[in-house]
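In what follows, a single structure is set out as structure tokens and then discussed.
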Amino acid sequence: MDNKMAIVTGGSRGIGRAIAEELASIGYDLVLLSKNKAKLEETSKEIASRYGRKVTPFPCDLSDMKAIDKFEKFCATNKVIPDVLVNNVGIWAPASTGESSTERYDEIMTTNAKGVFYLTQRLLPVLKKGRAKRIIIISSTWAQDFSLAGGKSESTVYAMSKWALRGWGRMLREEVRGDGISVTIVYPGAVFTDEWEGTKTPKEKFIKPEDIGKVVRAAVEISPGSCIDEVIVNTKVGSLSYD
Ligand SMILES: NC(=O)c1ccc[n+]([C@@H]2O[C@H](COP(=O)([O-])OP(=O)(O)OC[C@H]3O[C@@H](n4cnc5c(N)ncnc54)[C@H](OP(=O)(O)O)[C@@H]3O)[C@@H](O)[C@H]2O)c1
Numbered sequence: 000m001d002n003k004m005a006i007v008t009g010g011s012r013g014i015g016r017a018i019a020e021e022l023a024s025i026g027y028d029l030v031l032l033s034k035n036k037a038k039l040e041e042t043s044k045e046i047a048s049r050y051g052r053k054v055t056p057f058p059c060d061l062s063d064m065k066a067i068d069k070f071e072k073f074c075a076t077n078k079v080i081p082d083v084l085v086n087n088v089g090i091w092a093p094a095s096t097g098e099s100s101t102e103r104y105d106e107i108m109t110t111n112a113k114g115v116f117y118l119t120q121r122l123l124p125v126l127k128k129g130r131a132k133r134i135i136i137i138s139s140t141w142a143q144d145f146s147l148a149g150g151k152s153e154s155t156v157y158a159m160s161k162w163a164l165r166g167w168g169r170m171l172r173e174e175v176r177g178d179g180i181s182v183t184i185v186y187p188g189a190v191f192t193d194e195w196e197g198t199k200t201p202k203e204k205f206i207k208p209e210d211i212g213k214v215v216r217a218a219v220e221i222s223p224g225s226c227i228d229e230v231i232v233n234t235k236v237g238s239l240s241y242d
């Protein structure tokens, strides 16, 4: 029997890396996707040697549909049959309705929503052949709770992209139920990653990336007939500000 295999997007650092490590620790081989080739290769080597798993780095800009097509071809050529797809990739950048440029809007929505949709669509045929048959989507508490905004508006487009994942993920769950595929949507609050570089808020107040890794691990390890549909993971104190 071949090893279990998971694809994790944005797996080179932050939450994606923590998820990759949790899955490697329970015996998953991995294909990791992110843009920065050097960082991706470094992370892949570290995870492979720490957990004794096969970890394949695939540098890929997931906001570029042609790059996603190349990954689809790579999967076909190399007979990659993922048991689990973790759609973790996402970017935050300031963009309100009043102040976002069209370029900034496109960058956020294409990376966080269109690319995630397109990659999943391309991989659905092979996911149907996998064993665990699980899709994980990393959204955000910005798709849950407007009180997080605290009177600020610079996360408007980011929130829009994460609500898109919430709506799409729920419909995808219905679409693929009949194929035995589960869809888990995770909504993290403030997680201490490079996204928060330079903040004055004490690190202890944040969620750890490993916590999201553990949640994803639970969603994957749960018995085959069960599905964790949605999980909100917040800080104990709730909303955190950057400064
Ligand atoms: N941190 C938080 O507080 C928080 C809270 C809620 C939800 N989230 C969500 O959790 C996910 C991970 O966040 P994070 O904080 O771990 O982010 P991060 O530390 O900034 O890491 C982002 C990862 O995504 C990759 N990436 C970014 N743009 C990409 C693209 N166009 N194509 C391919 N890879 C790309 C990065 O690789 P490169 O370095 O190669 O670009 C990196 O591996 C995101 O969807 C984010 O919205 C984060």
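Using numbering that gives the first Met the number 0, the letters of the sequence shown correspond one by one to residues 0 to 242. Yeah, the Cβ is synthetic: ideal placement off N, Cα and C, and Gly gets one too. Bear in mind that the values here come from a model prediction, so they are computed numbers and not experimental data.
Shown here, T8 sits in a strand according to DSSP, grouped into three states.
In this structure, V185 places its C-beta atom within 8 Å of the C-beta atom of V215.
Looking only at G197, R169, G237, the smallest Cα-Cα distance to P187 is reached by G237. Listed in chain order, the beta strand (DSSP E) elements of length 3 or more contained wholly in the stretch 109-149 are 133-137. Taking a contact as a CB-CB distance under 8 Å, the pair Q120 and I231 does not count as one, their CB atoms being some 26 Å apart. Residue range 229-232 is occupied by the beta strand (DSSP E) that includes E229.
Within the same chain, R216, E220 come within 7 Å of I25 by CB-CB distance, once the 5 residues on both sides are set aside.
Residue side-chain check: R216 keeps its Cβ at 7 Å or more from all non-hydrogen atoms of ligand 1. Put simply, the backbone Cα of E102 is about 10 Å away from that of T109. The Cβ-Cβ distance between M170 and P81 does not fall below 8 Å.
If you draw a straight line from the Cα of T234 to the Cα of L126, it comes to about 33 Å.
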